[in-house]
Ligand code: SF4
Ligand code: SF4
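In our numbering, the protein residues as written are -13 to 339.
The structure is reproduced here in structure tokens:
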């Protein structure tokens, strides 16, 4: 018999969407073969997953989820997102998502990765992405509108403004800040809460501890990403078992928190601005990004930019004065650059075996 009375279903705020509290995150299925990805999604749905989150930014993820959904014929709540900031570009992305997901309608469409107040202003101003989303909602292409951000300050503002029906927030036992303010505040405002990074982007490798901790804060959907049936079963096994953390598990969590205290970046960006324009949190977090998506990501787009900028770190120390977690930032940057150089032969562009 289960000792905890924790609910395993949740209603996502005013959207009225009722789903299982353990959802499926669509990032890692990019890094396996199409067959393995599709099989994993079908397997998860078969076990009982009824909420799947993906993004236009996750390369093949929408396509693979679309194939899996067509093959299962089962109905799940789909959430996807786009990083476009203008109404027109957002509209184009919604149309692509519908095509890739093989759907006539998507239940939740989110403004993806709103990094700061300027970006938030852009997407919510006239002609911004929100306008495109509202129009698509009026036309029945999407049902609800959400937003995702790594910044708790931005999410606080989002909740105050009440323009979005759901938020997606980072929350884990290495990144606990959201439990003090953002998550309870959103729930009190009837805004649905989707928890990302329950494993802190792959830093926590104990699924039992990570999921139990994240699920202990009720009223949310937690969406760990997995790329194999075995990894999915590991998570699902935790979810359907007793969710209460016992004394030994709490001690284990404390020990891991101690170990990562001065290593783990909480993505708050309080260290900014860096005079050399280094996107510090992305450089420090590059290893976990590669773990989830694969080393190919280092060769293009923002990861490549982040690496190039990071090589210009002058070790001035300004960022350390601002980091509330006292991280040795220049040292972590150096370590990450060294690790990146071990992954790629920059002269040939080839990933090292
Ligand atoms: S130490 Fe490096 S990362 Fe930090 S502010 Fe100076 S240049 Fe930027
Ligand atoms: S380095 Fe420190 S201040 Fe900068 S984002 Fe990470 S935790 Fe926040």
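Every residue, glycine too, gets a C-beta built ideally from N, C-alpha and C.
Handout entry: Every unbroken alpha helix (DSSP H) within the region 3 to 80, with a cutoff of 4 residues, ordered by chain
Key = As for any alpha helix (DSSP H) of minimum length 4 sitting wholly inside the region 3 to 80, the runs are 20 to 33, 47 to 58, ordered along the chain.
Handout entry: Near ligand 1: residue 315 beta-carbon under 7 Å from a heavy atom
Key = Yes; taking the cut-off as 7 Å, the Cβ of residue 315 has a heavy atom of ligand 1 nearer than that.
Problem - Residues of its chain near residue 49, where Cβ-Cβ distance is below 7 Å and the 5 sequence neighbours each way are ignored - result: For residue 49, where only same-chain residues beyond five positions count, the Cβ hits under 7 Å are 86.
Handout entry: Presumed contact (8 Å Cβ cut-off) between residue 10 and residue 28, rounded CB distance
Key = Under the criterion of beta carbons closer than 8 Å, residue 10 and residue 28 do not qualify as touching, at roughly 11 Å.
Handout entry: Neighbour-count burial assignment, residue 370, 16 or more Cβ in a 10 Å radius
Key = Any property of residue 370 remains undetermined from this structure, which presents the chain solely from -13 to 339.
Practice task
Taking only runs that begin and end inside the region 204 to 261, name each unbroken alpha helix (DSSP H) of 4 or more residues, in chain order.
Solution key: Here the runs fully enclosed are 215 to 226, 233 to 246.
Exercise for the section: Could you tell me if the beta carbon of residue 312 falls within a distance shorter than 7 Å of some heavy atom in ligand 1? Expected result: Checking every heavy atom of ligand 1 against the Cβ of residue 312, none is found closer than 7 Å.
Exercise for the section: Alpha carbon to alpha carbon, how far is residue 265 from residue 298? Give it in angstroms, no decimals. Expected result: Going from the Cα of residue 298 to the Cα of residue 265 covers about 11 Å.
Exercise for the section: Note down, one range per segment and in chain order, each alpha helix (DSSP H) of at least 4 residues found wholly within the region 81 to 125. Expected result: Whole alpha helix (DSSP H) segments, 4+ residues: 103 to 110, 115 to 124.
Practice task
Taking only the alpha-carbon atoms, compute the straight-line gap between residue 283 and residue 227 and give it to the nearest angstrom.
Solution key: Cα to Cα, the separation comes out at about 36 Å.
Practice task
Using only the heavy atoms of ligand 2, determine whether one of them is closer than 7 Å to the beta carbon of residue 256.
Solution key: Residue 256: yes, Cβ under 7 Å from ligand 2.
Exercise for the section: Would you kindly work out how many angstroms separate the C-alpha atoms of residue 331 and residue 54, rounded to a whole number? Expected result: If I take the Cα positions, the gap works out to 36 Å.
Handout entry: residue 356, DSSP secondary structure in three states
Key = Lying outside -13 to 339, the shown extent of the chain, residue 356 is not represented and no answer is given.
Exercise for the section: Using 7 Å as the cut-off, classify the Cβ of residue 270 as near or not near the heavy atoms of ligand 2, replying yes or no. Expected result: Checking the Cβ of residue 270 against ligand 2 gives yes.
Problem - Contact belief for residue 158 with residue 122 at Cβ below 8 Å, rounded distance in angstroms - result: At roughly 32 Å, the Cβ-Cβ gap does not stay under 8 Å, so residue 158 and residue 122 are not in contact.
Handout entry: Option nearest residue 194 by Cα separation, candidates 26, 178, 219, 224
Key = The shortest C-alpha separation from residue 194 is found at 224.
Practice task
Find the nearest neighbour of residue -3 within the set 125, 186, 206, judged by alpha-carbon distance.
Solution key: Cα-wise, what sits closest to residue -3 is 206.
Exercise for the section: Using 10 angstroms around the beta-carbon of residue 338, count the other beta-carbons present and answer buried if the total reaches 16, otherwise exposed. Expected result: By the neighbour-count rule (16 or more Cβ atoms within 10 Å), residue 338 is not buried but exposed.
Handout entry: Residue ranges of each alpha helix (DSSP H) within the region 126 to 177, 4 or longer
Key = Those alpha helix (DSSP H) runs which fall completely within the region 126 to 177 and span 4+ residues are 138 to 147, 168 to 174.
Practice task
Return the first residue and the last residue of the alpha helix (DSSP H) that residue 326 is part of.
Solution key: Per DSSP, residue 326 belongs to the alpha helix (DSSP H) from 315 to 329.
Exercise for the section: Tell me whether residue 337 sits in a helix, a strand or coil according to DSSP, three-state version. Expected result: If DSSP states are grouped into helix, strand and coil, residue 337 belongs with the strands.
Problem - Whole-angstrom distance between residue 270 and residue 256, CA atom to CA atom - result: Residue 256 and residue 270 have their C-alpha atoms some 14 Å from each other.
Handout entry: Simplified DSSP state of residue -1, which is helix, strand or coil
Key = For residue -1, the secondary structure class from DSSP, reduced to helix, strand or coil, is strand.
Practice task
Starting from the C-beta of residue 323, find all residues in its chain whose C-beta is less than 8 Å away, skip the five residues before and the five after it, and write them out in chain order.
Solution key: Take residue 323, set aside five residues on each side of it, and the residues of its chain with a beta-carbon closer than 8 Å to its own are 269, 293, 296, 297, in chain order.
Problem - residue 152 beta carbon less than 8 Å from that of residue 130 - result: The answer is yes: Cβ separation under 8 Å.
Handout entry: Rounded C-alpha distance that separates residue 79 from residue 250
Key = Distance between the alpha carbons of residue 79 and residue 250: 33 Å.
Practice task
Run the proximity test for residue 302: is its beta-carbon closer than 7 Å to any non-hydrogen atom belonging to ligand 2?
Solution key: No - ligand 2 has no heavy atom lying nearer than 7 Å to the Cβ of residue 302.
Handout entry: Span separating the alpha-carbon of residue 41 from that of residue 69
Key = For residue 41 and residue 69, the distance between alpha carbons rounds to 9 Å.
Handout entry: Between the CA atoms of residue 142 and residue 319 - distance to the nearest angstrom
Key = Computed Cα separation, rounded: 29 Å.
Exercise for the section: State the Cα-Cα distance for the pair residue 12 and residue 43, rounded to the nearest angstrom. Expected result: One C-alpha to the other measures close to 10 Å.
Practice task
Pull up the distance between the alpha-carbon of residue 24 and that of residue 88, whole angstroms please.
Solution key: Residue 88 has its alpha-carbon roughly 14 Å from the corresponding atom of residue 24.
Exercise for the section: Tell me whether residue 251 counts as near ligand 2, meaning its Cβ is closer than 7 Å to at least one heavy atom of that ligand. Expected result: Flag set: Cβ of residue 251 near ligand 2.
Exercise for the section: Drop a sphere of 10 angstroms on the beta-carbon of residue 325, count the other beta-carbons inside from all chains shown, and report buried for 16 or more, exposed for fewer. Expected result: Here residue 325 is exposed: its Cβ has fewer than 16 other Cβ atoms, across all protein chains shown, within 10 Å.
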